[in-house]
Amino acid sequence: MASNTYIEHISLLLDILLIVGVIACSISGCLRAIDSKMDITGALLLAFVISNAGGTFRDLILGTTVFWINNHLYVWLSLGVGAVTYIIFYLNPKLLANRRLTQLVLLSDAIGLAVFCLAGVEKSFIMGQNFYIAIILGIWTAVGGGVIADVIANRVPLVFSSELYITVCFLGAILYIVLSGFMLQELAGFIAVIFMVTLRMMSVKYHWKLPIINA
Numbered sequence: 020m021a022s023n024t025y026i027e028h029i030s031l032l033l034d035i036l037l038i039v040g041v042i043a044c045s046i047s048g049c050l051r052a053i054d055s056k057m058d059i060t061g062a063l064l065l066a067f068v069i070s071n072a073g074g075t076f077r078d079l080i081l082g083t084t085v086f087w088i089n090n091h092l093y094v095w096l097s098l099g100v101g102a103v104t105y106i107i108f109y110l111n112p113k114l115l116a117n118r119r120l121t122q123l124v125l126l127s128d129a130i131g132l133a134v135f136c137l138a139g140v141e142k143s144f145i146m147g148q149n150f151y152i153a154i155i156l157g158i159w160t161a162v163g164g165g166v167i168a169d170v171i172a173n174r175v176p177l178v179f180s181s182e183l184y185i186t187v188c189f190l191g192a193i194l195y196i197v198l199s200g201f202m203l204q205e206l207a208g209f210i211a212v213i214f215m216v217t218l219r220m221m222s223v224k225y226h227w228k229l230p231i232i233n234a
C-alpha cells in the first residue's frame with residue numbers, strides 16, 4: 020500500500036538528484052531565454068517553468084496539491100539558479116561559446132530528464148495509479164516543462180524532433196518499474212538514472228535519431 024506522502028518513499032540519493040535536476044533545468048531554461056534574447060524576467064520565467072511545469076500538470080491530473088506549493092524550496096531554487104545564471108552570462112557573455120559549458124549543460128539536462136521521469140513514476144504509484152499511467156506521467160513530468168518553455172521562447176519543442184528524448188524516458192521508466200520488482204527502489208532508481216543519462220548522452224554524441232518520413 021502506497022504512503023500518503025511522497026517524501027517518505029524517496030531515498031536520500033533521489034532527494035539530492037531532484038535538487039540537482041531543478042538546478043540543471045533552471046540553467047537550461049535560462050540559457051533558452053538568453054538564446055531567445057530575453058531579459059532577466061524572461062529568464063526567470065523560463066527557469067521556473069522548465070523546472071516545475073511538468074510536475075505541476077502531473078499533480079493537477081492526479082488531483083493532488085501541486086508539489087511546489089507544499090515545498091517552496093523548488094520555487095526559490097529555480098528562481099535563484101536562474102538569476103545567478105543570467106547574471107554570470109550577462110557579465111561574461113563569452114562563456115556562451117565555451118564548448119565544455121555546452122557539454123556540462125547537456126549532461127545536467129540529461130540528469131534532470133532522468134530524475135524528473137522517475138519522480139513522476141513514483142508519484143503516480145503513490146497516488147494509486149497503474150504502471151502505464153505512471154509511465155505517461157513520468158514522461159510528462161520530465162519533458163512537460165521543456166515543451167512549455169520552448170513554446171514561450173517561440174521555439175519548436177525538442178521533444179517533437181527525431182532526437183531520442185521521450186524515448187529515453189519511456190525506456191527508463193519501464194526499466195525502473197521492472198527493476199523495482201526485484202530490488203530496492205533506491206538501487207532500481209539509481210540504475211534507471213544512469214541508463215537514461217547514458218542513453219541520452221550517447222544519442223547526442225552518435226546522432227542516434229528515430230526515423231522520419233522524407234517526402
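In my numbering, the protein residues as written are 20 to 234. Note that the Cβ used here is the ideal one computed from N, Cα and C, for glycine as well.
Mapping DSSP to helix, strand and coil, what is residue i?
i: K228; result: strand
i: S22; result: Residue confidence for S22 is low, a pLDDT of 49 falling below 50, so the modelled location carries little weight and cannot support an answer.
i: H28; result: Low per-residue confidence applies at H28: pLDDT is 48, beneath 50, and the placement is therefore not dependable, though the value from the model is reported in the following sentence. Of the three classes helix, strand and coil, the one that applies to H28 here is helix, per DSSP.
i: L81; result: helix
Below 8 Å on the Cβ atoms is my guess for residue i versus residue j; work out the distance and round it to an integer in Å.
i: S181; j: K228; result: 4 Å
i: T160; j: R77; result: 5 Å
i: L198; j: A211; result: 7 Å
i: I53; j: A66; result: The Cβ separation is near 11 Å, so there is no contact.
i: Y195; j: V162; result: Y195 to V162, Cβ: 16 Å. No contact.
i: I154; j: A192; result: 5 Å
i: V124; j: I46; result: 6 Å
i: L156; j: I80; result: 7 Å
i: I158; j: F209; result: Actually they are not in contact, since the Cβ atoms of I158 and F209 sit about 20 Å apart, beyond 8 Å.
Quick one: is residue i buried, meaning 16 or more other Cβ sit within 10 Å of its Cβ, or exposed?
i: I171; result: buried
i: T104; result: buried
i: S22; result: Residue placement at S22 is flagged as unreliable, the pLDDT there being 49, under the threshold of 50; a coordinate-derived value is accordingly withheld.
i: R219; result: buried
i: R119; result: exposed
i: F179; result: exposed
i: A234; result: exposed
i: M221; result: exposed
i: F201; result: exposed
i: G48; result: buried
i: D169; result: buried
i: I26; result: Note that I26 has pLDDT 46, beneath the 50 cutoff, so the model's placement of it is unreliable and the number below is only indicative. Exposed is the call here.
i: I266; result: In this structure the chain extends from 20 to 234, so residue 266 is not present and cannot be described.
i: Y151; result: exposed
i: I106; result: exposed
i: I231; result: exposed
i: R174; result: exposed
i: G165; result: buried
Does any residue of chain B bring its CB to less than 7 Å from the CB of residue i?
i: D58; result: Although the question refers to chain B, the structure presented lacks it and comprises just one protein chain.
Please list the segments of the alpha helix (DSSP H) lying wholly inside the stretch 120-169, counting only runs of 4 or more residues, in order along the chain. none
Would you call the stretch 91-99 and the stretch 64-75 in contact, with 3 or more CB pairs under 8 Å? yes
Should the stretch 105-119 be regarded as contacting the stretch 131-150, the criterion being three or more beta carbon pairs within less than 8 Å? no
Validate contact between the stretch 126-134 and the stretch 36-53 using beta carbons, cut 8 Å, 3 pairs: yes
Any alpha helix (DSSP H) of 4 or more consecutive residues that is wholly inside the stretch 46-103: 59-81, 86-89
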